[in-house]
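A short worksheet on the structure shown next.
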Amino acid sequence: MKLYIKYMVSLRCKMLVKEELEKLGINYTSVDLGMVKIEDNVTEKQLETFGKNLKKSGLELLDNERNILVEKIKSVIVEMIHYEDEVPKVNDSDYISEELGYDYTYLSNTFSEVKGITIQQYIIMHKIEKVKELLLYNELTLTEIAHKLHYSSVAHLSNQFKKITGLTPTYFKELKEKREKNLEDL
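FYI, the working numbering numbers position 78 of the sequence shown as 73, with every residue one higher than the one before it.
Okay, here's the thing in structure tokens:
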């Protein structure tokens, strides 16, 4: 039996899920990226209690197949953008489709219906978050960041960044430097 849980990937969340399973005497084989694999049958009472306990901690037990699929899509995108050394060079749609084993049109329609935005919009939002992170680290130039995230040009990255944040990447970086200088002056 597999249970899907909506939570951020963190050691704290994994530990919390494991603790709840152990409190209820539910044997599991693994707790991974939003998914728990259970060894035995779980009673309705155990499942209900598990769901309530998770909710108290800000986690959510997913039981709707469409919501589960959307969480899987989101996980693949987050992994692809934030945790891979480099964004895969293949088309985003091909990558997501291949990772999840579904036709991209089906994934795209399901995601849009459940979340109210397209997969591409979700990807762009995460790419911009990654750009912010890389700008704050100050290790790469904007050209290197554009290349790393497979933007066609620095201008394309800058336009998307401004559209999402209301700031240019250069101004965003300047704000960070001003904040640092102000902290030093204290």
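The beta carbon of each residue, even a glycine, is placed where N, CA and C say it ideally should be.
Whose C-beta lies closer than 8 Å to the C-beta of residue i among residues of the same chain, with five residues either side of it excluded?
i	result
Tyr23	Lys13, Leu16, Val31, Lys32, Ile33 and Glu34
Glu60	none
Leu95	Leu64, Lys67, Ile68, Val71 and Leu102
Ser25	Val31 and Lys32
Ile21	Ile33, Asp35, Val37, Gln41 and Phe45
Tell me the DSSP bridge mates of residue i?
i	result
Ser25	Lys32
Report the rounded CA-to-CA distance for residue i versus residue j, giving the unit in angstroms.
i	j	result
Lys9	Ser153	37 Å
Leu102	Glu179	49 Å
His145	Asp87	10 Å
Leu11	Leu19	13 Å
Ser92	Ala141	24 Å
Gly148	Phe167	In the sequence on display, residue 148 carries Ser and not Gly. Taking the straight line joining both Cα atoms gives about 18 Å.
Thr113	Asn62	15 Å
Glu175	Ile119	28 Å
Phe45	Leu57	12 Å
Val109	Glu74	20 Å
Asn133	Gln115	27 Å
Thr163	Lys47	44 Å
Ser107	Gln155	20 Å
Leu129	Glu55	31 Å
Tyr90	Ile76	12 Å
Tyr97	Lys127	31 Å
Leu193	Tyr78	Missing from the structure shown is residue 193; the chain here goes from -4 to 181 and no further.
Glu169	Asn177	12 Å
Kindly list the residues whose CB is nearer than 6 Å to the CB of residue i, restricted to its own chain and excluding five residues on each side of it in sequence; keep chain order.
i	result
Thr138	Val149
Leu49	Leu56
Asn104	none
Ser185	Past the boundaries of the shown model lies residue 185; the chain is included only from -4 to 181, so the question cannot be answered.
Please return the same chain residues whose Cβ sits closer than 7 Å to the Cβ of residue i, not counting the five positions on each side in sequence.
i	result
Thr165	none
At which residue ranges does the region 32 to 69 contain complete alpha helix (DSSP H) runs of 4 or more residues, listed in the order of the chain? The region 32 to 69 contains these whole alpha helix (DSSP H) runs: 39 to 51.
contact_flag[the region 39 to 58, the region 73 to 92] where n(CB pairs < 8 Å) is 3 or more: Contact between the region 39 to 58 and the region 73 to 92 is absent, with fewer than three C-beta pairs closer than 8 Å.
Does the pairing of the region 117 to 134 with the region 159 to 167 give three or more beta-carbon distances under 8 Å? The region 117 to 134 vs the region 159 to 167: in contact.
Contained alpha helix (DSSP H) runs [length at least 4] in the region 133 to 164, N- to C-terminal order: Fully enclosed alpha helix (DSSP H) runs of 4 or longer: 137 to 143 and 149 to 160.
So within the region 61 to 123, which uninterrupted beta strand (DSSP E) runs reach at least 3 residues, ignoring any that extend past its ends? Whole beta strand (DSSP E) segments, 3+ residues: zero.
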